[in-house]
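Peer 1: Quick one: this structure, given as structure tokens, is what I'll be asking you about.
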Amino acid sequence: MQIWVDADSVPLIAKDLIIKTAERTKTMAIFVANQPIKLRKSPLLVMTVVPSGFDKADDYIVEQIQAGDLAITSDIPLANDILDKGGLVLTTRGVVYDKNNIKQKLNMRDFMDTMRGTGVLELQEMSGQKPYGDRDKKAFADGLNRLVR
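First residue of the sequence shown: 1, per full-length UniProt numbering; consecutive thereafter.
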């Protein structure tokens, strides 16, 4: 197993937990983003910088991930593609996406995109991402420990 991190939007707390888990379990963690992020020197930690552009990091992860690998992402279409390749998906808030829940998440995302695109749902009616808190950190750490051994 390798851990693939959609690193463009991973909270610092989650990044630190991924690094600690990778080192504790001797599991390779590959951080993918269109700009470098700072990682400590370790043969288990890799920073892969992809060209700027829409979904370049996502495309790279989908190309490289293998069945049984774990991806850390909150990107629902990316999660769907990873599941299609036999990968595991965990969000930084500790939610595990699988074949039983991804279609519902994908449908809801597409529905909300349509609502925003047609102007039915106005900007002030959309709820933004809530701050990353202690409950999120614990749920993510628990999920990571369950999936990476």
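C-beta atoms are modelled at their ideal positions from N, C-alpha and C, and glycine is treated no differently.
What separation, rounded to the nearest whole angstrom, lies between the Cα atoms of Phe-140 and Gly-68?
Peer 2: For the purposes of this step, residue 140 is identified with residue 140 of the sequence shown, where counting begins at 1. For the purposes of this step, residue 68 is identified with residue 68 of the sequence shown, where counting begins at 1. Whole-angstrom Cα-Cα distance: 19 Å.
Peer 1: Leaving aside the five residues before and after Val-96 along the sequence, list all residues of the same chain whose C-beta is less than 8 Å from its C-beta, in chain order.
Peer 2: Translated into the one-based positions of the sequence shown, residue 96 becomes position 96. The residues are Leu-88, Val-89, Leu-90, Gly-143 and Leu-147.
Peer 1: In angstroms, rounded to a whole number, what distance separates the CA positions of Thr-27 and Leu-44?
Peer 2: Stepping through the sequence shown from its first residue, residue 27 is reached at position 27. Stepping through the sequence shown from its first residue, residue 44 is reached at position 44. About 6 Å.
Peer 1: With distances taken Cα to Cα, identify the nearest neighbour of Ile-13 among Arg-149, Lys-138 and Lys-99.
Peer 2: Position 13 of the sequence shown, counted from the first residue, corresponds to residue 13. Cα-wise, what sits closest to Ile-13 is Lys-138.
Peer 1: Under the DSSP definition of a beta bridge, which residues are partnered with Phe-31?
Peer 2: The count along the sequence shown starts at 1 and reaches residue 31 at position 31. Beta-bridge pairing links Phe-31 to Val-5 and Met-47.
Peer 1: Please classify Phe-54 as buried or exposed, where buried requires at least 16 neighbouring CB atoms within 10 angstroms.
Peer 2: Against the sequence shown, residue 54 aligns to sequence position 54. Exposed, since its Cβ has fewer than 16 Cβ neighbours within 10 Å.
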